[in-house]
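Going by the numbering used here, the first residue of the sequence shown is number 25, and it counts up by one from there.
Using N, Cα and C, we set each Cβ at its ideal position, and we do this for glycine too.
A short write-up of the structure that comes next.
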Amino acid sequence: MEAELTTLEENGNWTITDLPSGKQPVGWFLNEEFKIKNLEQLKYVLGIEVAWCKRGISLSQRQYALEILEEVGYLGCKRADFSMETNLKLHNTDEDLLTDPTSHRRLIGKLLYLTTTRPDIFYFVGKLSQFMNKPAKAHINATYRVLRYIKQNQGQGLYFPVDSELHIKDFCDSDWGGCKDTRNSITRYYMLFGHSLVSWKSKKHSMVSRSSTEAEYRALASATYEVLWLKYLLADMKIDHSVPALLFCDNQSALHIAENLVFHERTKHTEIDCYVVREKLQVGVTKTIHISSDQQAADILTKSFGKLQFHNLLRKMNMIDIYSS
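This is the structure we're talking about:
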């Protein structure tokens, strides 16, 4: 406790003073008026388990995951090494509709909350949630596949190492025309603060992109907005972060647009996004870096992969299962 108070004082979060004569601590007063428990080190909050060790902190929802499996009767199910079959294409259909979709909708709702600490299933659960209006047999089968993957690693979660550097890295990508029903593209990014995953997103665009470059640039703009938010948050916490955040993108055309000061006829419809991304590059808030497609870790948020590639991308997100043997 003494070390934590010293750190707060050094960071300027508050100023520690001596207790004035004749005054009592607020904590003591509240303890006299109300029943208060000293929970000491945080271990469990809102269904999220907090595990502490000398090397860092882990956030997981193992107990919640087990409750989901038990409710569906999947505690003894066959395990799966990855969450969705390779190249599985889900879309709206009027064939083999569920007669009573209530339980399926309830299950998807529970899985959505599980993604709070499970970005490895974030895309797949989000994809399945798009068919809650008229779920079919194909959708429930895909959901059961996700449950089999959860059974494989119930304790998978976020990990925050103590020796992490204060550098921002944002991997952004886009699946051009990824939605088979609307042909809207899908933006995805995930952001690392040092070695810790702190933000991720996989969202369908509100409009149709006319080229892969346009779709990629919109993803680059979304990643830039998220970097700005984190920098503002760090500033509020009195944490100096003057080095540029690194934006990793695998589309050369999008990177050229970001660095080119001249607008062209083919790109003027993305002019606002261009101004935002370009401005932050010029003032040193961000820095773009090209990355090859096979190293683009953000792909895990919009695509299904086989076992080997899926786990390779998963390791880049620095997720661990503290219960795995």
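Endpoints, the beta strand (DSSP E) within which residue i is located
i, result
"residue 221", "220–228"
"residue 269", "269–273"
For residue j and residue i, the rounded distance between their alpha carbons
i, j, result
"residue 340", "residue 256", "25 Å"
"residue 176", "residue 221", "22 Å"
"residue 90", "residue 145", "15 Å"
"residue 268", "residue 253", "14 Å"
"residue 304", "residue 128", "44 Å"
"residue 293", "residue 334", "The pLDDT assigned to residue 293 is 46, lower than 50, so where the model puts this residue is not dependable; a value taken from the coordinates is nonetheless given after this. In a straight line, the C-alpha of residue 293 is about 35 Å away from that of residue 334."
"residue 166", "residue 212", "21 Å"
"residue 289", "residue 114", "Bear in mind that a pLDDT of 44 at residue 289, under 50, signals an unreliable position, so the number given afterwards is only what the model happens to contain. Each residue's Cα considered, the two are about 36 Å apart."
"residue 172", "residue 131", "14 Å"
"residue 138", "residue 312", "32 Å"
"residue 45", "residue 27", "25 Å"
"residue 345", "residue 47", "47 Å"
"residue 190", "residue 259", "13 Å"
Residue i vs residue j beta-carbon contact at 9 Å
i, j, result
"residue 158", "residue 121", "yes"
"residue 360", "residue 174", "Absent from the structure is residue 360, since the part of the chain shown begins at 25 and ends at 349."
"residue 215", "residue 199", "no"
"residue 162", "residue 123", "no"
"residue 348", "residue 179", "yes"
"residue 184", "residue 81", "yes"
"residue 324", "residue 35", "no"
"residue 148", "residue 209", "no"
"residue 207", "residue 232", "yes"
"residue 246", "residue 150", "no"
"residue 218", "residue 85", "no"
"residue 240", "residue 275", "yes"
"residue 30", "residue 83", "no"
"residue 337", "residue 314", "no"
"residue 196", "residue 244", "yes"
First through last residue of the alpha helix (DSSP H) which encompasses residue i
i, result
"residue 345", "Not the alpha helix (DSSP H): residue 345 falls in the beta strand (DSSP E), residues 343–345."
"residue 89", "86–96"
"residue 129", "126–138"
"residue 112", "Here residue 112 belongs to no alpha helix (DSSP H), and DSSP marks it neither H nor E."
"residue 333", "331–340"
"residue 169", "161–176"
"residue 150", "146–153"
"residue 278", "276–283"
Where residue i sits in the DSSP three-state scheme
i, result
"residue 73", "strand"
"residue 314", "strand"
"residue 289", "Any reading at residue 289 must be qualified, since the residue scores a pLDDT of 44, below 50, and its modelled position is unreliable; the value itself is stated next. Residue 289 falls in the helix class under three-state DSSP."
"residue 263", "coil"
"residue 198", "strand"
"residue 43", "coil"
"residue 212", "strand"
"residue 104", "coil"
"residue 121", "strand"
"residue 141", "coil"
"residue 306", "helix"
"residue 242", "helix"
Which residues DSSP lists as bridging residue i, in chain order
i, result
"residue 81", "76 and 184"
"residue 217", "192 and 220"
"residue 68", "73"
heavy atom of the ligand MG below 8 Å from residue i C-beta
i, result
"residue 128", "Ligands in the displayed structure: none, and consequently the ligand MG is not present."
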